[in-house]
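In our numbering, the protein residues as written are 51 to 105. Backbone N, C-alpha and C define an ideal beta-carbon position, used for all residues, glycine too. Remember, it's a predicted structure, so these values are computed and weren't measured experimentally.
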Amino acid sequence: MADLIVKAAVKEALDDKNVASDFYDALDEEVDQLLEDAARRAEANDRKTVQPRDL
């Protein structure tokens, strides 16, 4: 699986919070699942284009 998130952007978004090293992998898995679900919904609606409503 490719890295779908940018660690520096996540760290910046969380401001002054500490981020556990395994958090990034867990977040990456969540994003991967979200994308798979969106692609599945688009395909179920006979579309090749994933749209915001697929989230």
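Note to self: Tell me the residue span of the alpha helix (DSSP H) that contains Val-81.
What the structure shows: Taking the first residue of the sequence shown as position 1, residue 81 is located at position 31. Note, Val-81: alpha helix (DSSP H), 71 to 94.
Check: Regarding Ile-55 and the ligand SAM, is the C-beta to nearest heavy atom distance less than 7 Å?
Finding: As far as ligands go, the structure on display features none, and thus does not contain the ligand SAM.
Checklist line | Helix, strand or coil at Lys-67 [DSSP, three-state] | finding: Residue 67 sits at position 17 when you count from the first residue of the sequence shown. Assignment of Lys-67 by DSSP, reduced to helix, strand and coil, places it in the coil class.
Next item on the list: Compare the Cα-Cα distances from Leu-85 to each of Pro-102, Lys-61, Ala-63 and report the closest residue.
Entry: Numbered from its first residue, the sequence shown carries residue 85 at position 35. Of the listed residues, the one whose Cα sits closest to Leu-85 is Pro-102.
Check: Ala-89 and Val-100: beta carbons closer than 8 Å?
Finding: Within the sequence shown, residue 89 is the residue found at index 39, counting from 1. Within the sequence shown, residue 100 is the residue found at index 50, counting from 1. The beta carbons of Ala-89 and Val-100 sit closer together than 8 Å.
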